[in-house]
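Reading through the C-alpha cells given below for one structure.
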Amino acid sequence: MMWLAGLHLGWVSFAVLLLIIAGLLRVERRVVEASSAAVTGLAVPVPVQPAVEPASAADDLTPIAAVLGALDAPALLLSARETVKLQNRAAESIFGPIPQGSDLAGRIRAPGILDMVRDAIGSGQPRETEHAERLPSETVYVVRIAPLAGPTTEPLWLLTFRDVSHARRIDRMRSDFIANASHELRTPLASLRGFIETLQGPAKNDVKAHERFLVIMHEQATRMSRLVDDLLSLSRLELRSNLAPEQTVDLAPLLGHVRDSLQPLASDLGVEINLDLPKHPVLVPGDRDELVEVFENLIENACKYGQEGKRVDVVLSGGGDTPVEFSVTDYGPGIPPEHVPRITERFYRVNVEASRSKKGTGLGLAIVKHILTRHRARLVVKSEVGKGTVFTVKF
Numbered sequence: 011m012m013w014l015a016g017l018h019l020g021w022v023s024f025a026v027l028l029l030i031i032a033g034l035l036r037v038e039r040r041v042v043e044a045s046s047a048a049v050t051g052l053a054v055p056v057p058v059q060p061a062v063e064p065a066s067a068a069d070d071l072t073p074i075a076a077v078l079g080a081l082d083a084p085a086l087l088l089s090a091r092e093t094v095k096l097q098n099r100a101a102e103s104i105f106g107p108i109p110q111g112s113d114l115a116g117r118i119r120a121p122g123i124l125d126m127v128r129d130a131i132g133s134g135q136p137r138e139t140e141h142a143e144r145l146p147s148e149t150v151y152v153v154r155i156a157p158l159a160g161p162t163t164e165p166l167w168l169l170t171f172r173d174v175s176h177a178r179r180i181d182r183m184r185s186d187f188i189a190n191a192s193h194e195l196r197t198p199l200a201s202l203r204g205f206i207e208t209l210q211g212p213a214k215n216d217v218k219a220h221e222r223f224l225v226i227m228h229e230q231a232t233r234m235s236r237l238v239d240d241l242l243s244l245s246r247l248e249l250r251s252n253l254a255p256e257q258t259v260d261l262a263p264l265l266g267h268v269r270d271s272l273q274p275l276a277s278d279l280g281v282e283i284n285l286d287l288p289k290h291p292v293l294v295p296g297d298r299d300e301l302v303e304v305f306e307n308l309i310e311n312a313c314k315y316g317q318e319g320k321r322v323d324v325v326l327s328g329g330g331d332t333p334v335e336f337s338v339t340d341y342g343p344g345i346p347p348e349h350v351p352r353i354t355e356r357f358y359r360v361n362v363e364a365s366r367s368k369k370g371t372g373l374g375l376a377i378v379k380h381i382l383t384r385h386r387a388r389l390v391v392k393s394e395v396g397k398g399t400v401f402t403v404k405f
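The sequence shown runs 11 to 405 under our numbering.
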C-alpha cells in the first residue's frame, strides 16, 4: 500500500511538471510571435483608443516638431490618412489641442479645406485655397497643403494657414476710398459743367441767371478745393504717422485762439462756445498746426451737428503729473450707437444729406484720428441719442 501511494504521488508530480512545461512553451511562443510581428510590420492586436493613431517607433518627428514650433503661422502635420500627427502653438490657439492621430475632419469643418486636402493627398501635388471666417470677427486665411520631404518613412503633408485679413481690409479700404473720392469730385464737377453749358447756351444773355449760377459754381469749386486739401492732408499725415512730434505746445492759449477763429461761425449758427481752461500751462509734445486742425475740426463739428443744443462746452484739464484731456460736448441729436465705431472712417457719414448741406467732406474725423495717432493720443466718443455727444482727446 505504501508502494502504491508513492507511485500515485509520483504520477501527480510528473503531471504537474508537464503542465508547467506546457505553460512555459505557450509563453515562449507568444514572445516569438510578437517579435516576428515587429520585424515583419504585422499589427499586433492591442487595445487602442478610437480615432487615435499609434505613433511609429521608426519615425522620429522631433526635428519637425521643433521647426513647426518656430513658425508664427498655424501649421498642422498630416498623414496620408488625413490624421493629425503634430500641431504648433499657433494652430493650438485656433483649433485647441488636437490629440495625435485625430481625424482632421473632426476639428476642421470647412468643406473647401477638407476637399483641398483630399485632392492634394490623392494627386500628390500642393494645393491652395482661401477661407474666410465671419465670427467672432472677419478673418481671411490662405490655406496651403504641400507634401513634406523629411526623414520619415511615412508620407507626411504640411497644412498651413496664413492670415491675410489685414491685407484684405487695406484693399477694401483702398477701393472704397477711390470710389468715394471719385463720387465726391464727380458731383460738383457735374454741377459746374451743367451751369457752364447753361451760361453758354440758354442763359447766355440772362444777367440774373449769371449772378445766381456763378454763386453756386463758386460754392461747388470751394467744395472741391476743401476735398482736395483734405485728401492731401491725409496723405501727408500717413507719410509722417511714425514720426512723433518734437515740439512742445501749450494747449490753453491754443484753444483760446481756436475759439476766437470759430466764433463767427458759431454766431451764424446761434451756438455759444463755452471755454473752460486751467490757469496753469498745459504742455504736451505736439505739432501746433496739426493740433489746431484737430481742435478746429472737433469744435466746428460740435457747432454744426449740435446746433439744436445752442451750446458747446470745451474743457481742458490736466497738466504737470496729471494726464492731459480735452473734451468738447454738444447737446444736439446725438449719434446712434451703431454709427459710433465707424465715424472716423474716411467718407463715412451718419447722415449724408446733413453732412453735405453743412459743407462737410467726410474726411474731418479721419484727419483727426491720424493726427492723434501721430501724437500718441486717442479719441474717445460717447453719445446718446437725443442728449448729445462728447468727444474726448486723451494725451
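Built from N, CA and C at the ideal position, the CB exists for glycine as well.
Just so you know, these numbers come straight off a predicted model, no measurement behind them.
As computed with DSSP, Ala191 is found in no beta bridge at all. DSSP links Ser89 through a beta bridge to Leu166. DSSP places Val350 within a helical segment (H, G or I) once states are collapsed to three. A direct Cα-Cα distance of roughly 47 Å separates Ser192 from His290. Positions of the beta strand (DSSP E) runs, each at least 3 residues long and wholly inside the region 286–327, are given as 293–295 in order along the chain.
Inclusion of Leu301 and His380 in the CB contact set at 9 Å is not warranted, their separation being larger than that value. Just so you know, the alpha carbons of Pro333 and Phe405 end up roughly 7 Å apart.
Taking the Cα of Ser245 as reference, the smallest distance to any Cα among Val217, Pro212, Ile377 and Thr149 is reached at Ile377. The continuous stretches of beta strand (DSSP E) do not include Thr383, which lies in the alpha helix (DSSP H) extending over residues Gly374 to Arg384. Under the three-state reduction of DSSP output, Lys404 falls in the strand class. Looking at the DSSP output, Phe171 shares a beta bridge with Val153. With contacts defined as CB atoms closer than 9 Å, Leu168 and Leu71 fail to qualify as a contacting pair.
Here the region 321–333 makes contact with the region 274–291; the two share three or more CB pairs at distances below 8 Å. Cβ contact annotation for Gly398 (same chain, cutoff 7 Å, sequence separation greater than five): Gly316, Gly319, Thr339, Asp340, Tyr341, Gly342 and Gly344, in chain order. Of the residues assessed, Thr170 falls on the buried side of the cut-off, its CB having 16 or more other CB atoms within 10 angstroms.
Between the region 184–198 and the region 112–121 there are fewer than three C-beta pairs closer than 8 Å, too few to call the two in contact.
By the criterion of at least three beta-carbon pairs nearer than 8 Å, the region 149–156 is in contact with the region 121–139. In this chain, the alpha helix (DSSP H) harbouring Thr72 covers Thr72 to Ala80.
Of the residues assessed, Gly296 falls on the buried side of the cut-off, its CB having 16 or more other CB atoms within 10 angstroms. Here Arg388 carries a strand assignment [DSSP, helix/strand/coil]. The shortest CA-to-CA distance from Pro198 to any of Arg321, Phe401 and Thr371 is the one to Thr371. In the structure shown, Asp270 falls within a helical segment according to DSSP collapsed to helix, strand and coil. Assignment of Pro263 by DSSP, reduced to helix, strand and coil, places it in the helix class.
Going by C-alpha positions, Ser271 is about 28 Å away from Gly396. For Leu253, the secondary structure class from DSSP, reduced to helix, strand or coil, is coil.
Under the three-state reduction of DSSP, Lys218 is assigned to helix.
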